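Written below as structure tokens is the structure these notes are about.
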Amino acid sequence: MGFLKKAKAWLKDDWCKKCTEPMQLEKKQLYTLPMTVGHYVQHDDPNYYQTNLIKVNKKADIPTGFYACGAYLYHCPHCGKKVVKLTIFLPVRDQEQFEDVYLFENGEMNDFVLNS
610 MGFLKKAKAW LKDDWCKKCT EPMQLEKKQL YTLPMTVGHY VQHDDPNYYQ TNLIKVNKKA
670 DIPTGFYACG AYLYHCPHCG KKVVKLTIFL PVRDQEQFED VYLFENGEMN DFVLNS
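Structure, rendered in structure tokens:
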């Protein structure tokens with residue numbers, strides 16, 4: 610049984626890899642990115658997102674043709690570890706065309722998401 614929990618923790622972004630338990634969603638926030646259709650560039654540097662993400666309240670606030678980012682801050686109720694997951698997508702006709710998912714496990718995005 611322990612092996613299955615460890616495998617699940619490594620495969621699921623919202624499971625603590627240390628405790629092999631599900632983490633709790635502490636905060637989620639929607640942002641827009643300064644990239645338009647046809648001009649998407651991958652960025653795995655947290656500084657890029659801290660500088661360029663623009664907070665929005667709902668998908669309708671994202672300008673047509675611009676990419677969006679969903680930010681999810683998780684925390685482990687057992688060990689206290691926090692993880693931020695960013696999902697980059699293009700909103701198209703009430704659907705989300707996903708481009709990338711980034712997981713920041715070393716605290717580099719925690720304060721940004723928590724304080725935005």
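For the sequence shown, the residue numbers in the working numbering are 610 to 725.
Every residue, glycine too, gets a C-beta built ideally from N, C-alpha and C.
These figures come from a predicted structure and were not determined experimentally.
- Counting along the chain, no alpha helix (DSSP H) covers V650, and no H or E run does either.
- The DSSP assignment places 655 to 661 as complete runs of the alpha helix (DSSP H) inside the region 625 to 678, in order along the chain (cut-off: 4 residues).
- Looking at N724, C678 and Q638, the one whose alpha-carbon comes closest to that of L699 is C678.
- Between K668 and Y640, the CB-CB gap reaches or exceeds 7 angstroms.
- Annotated three-state conformation of D709 is strand, per DSSP.
- Taking the C-beta atoms as reference points, M632 is found nearer than 7 angstroms to H684.
- With 16 or more other Cβ atoms from the protein chains shown falling within 10 Å of its own Cβ, F721 counts as buried.
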